[in-house]
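What follows is a set of notes on a single structure, which appears directly below.
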Amino acid sequence: MATLSVPASIEHLATVNAFIAEHMPEQHRGIIPQVELTAEELLVNVFSYAYPDSPGKAEVGCRVVLFDDAPFFCLTVRDWGAPFNPFSEAPTPDTSLDVEERPVGGLGVHLIKSMVGHYSYSHHEASNHIELYFPLDD
193 MATLSVPASI EHLATVNAFI AEHMPEQHRG IIPQVELTAE ELLVNVFSYA
243 YPDSPGKAEV GCRVVLFDDA PFFCLTVRDW GAPFNPFSEA PTPDTSLDVE
293 ERPVGGLGVH LIKSMVGHYS YSHHEASNHI ELYFPLDD
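Residues in the sequence shown are numbered from 193 upward in steps of one, following our numbering.
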């Protein structure tokens with residue numbers, strides 16, 4: 193897996209986007225905007241909340257994997273902040289409410305869940321690991 197380590201700062205999102213584009217197979221480049229958007233949603237949260245009192249870093253990884261003989265582009269994000277599973281701990285937004293009536297929080301995770309084929313979270317080696325799997329058309 194190709195990996196990139198960046199300081200936990202929003203100014204490094206362009207570097208992450210370039211890394212994603214560099215490692216996307218040529219025939220699947222159409223999903224780059226989708227992958228970049230989900231990476232941005234995750235990383236802005238990491239950069240904003242994982243390291244409240246000190247500088248930190250994030251590690252991003254890219255690889256193609258097979259599930260049941262179907263190809264997926266896997267984006268991994270790793271940080272060393274406090275354990276936090278956004279898929280179970282972030283609030284679930286009430287999308288039936290108007291935008292002005294909704295409480296803040298949870299929309300980014302909701303967006304991510306709607307854009308990927310599969311997602312996972314684990315905490316090990318003192319770090320949060322998130323994996324997002326984007327289906328690749330043959």
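Each residue gets a CB set at the ideal place from its N, CA and C atoms; glycine is no exception.
Asked                                                                                                  : Found
Cβ contact check for the stretch 317-330 and the stretch 253-263: 3 or more pairs under 8 Å            : yes
Straight-line gap, Pro225 to Val308 (C-alpha atoms, nearest Å)                                         : 13 Å
Contact check, Ser319 vs Arg270, beta carbons under 9 Å                                                : yes
Pro275 - DSSP class collapsed to helix/strand/coil                                                     : coil
Where the alpha helix (DSSP H) through Leu234 begins and ends                                          : Ile224 to Asn237
Stretch-stretch touch, CB-based, cutoff 8 Å, three pairs: the stretch 222-241 with the stretch 201-211 : yes
Which residues DSSP lists as bridging Val269, in chain order                                           : Val252 and Ile322
Contact check, Val227 vs Leu205, beta carbons under 9 Å                                                : no
Bridge-paired residues (DSSP) for Leu303                                                               : Beta-bridge pairing links Leu303 to no other residue.
Environment of Phe239 [buried if 16+ CB atoms lie within 10 Å]                                         : buried
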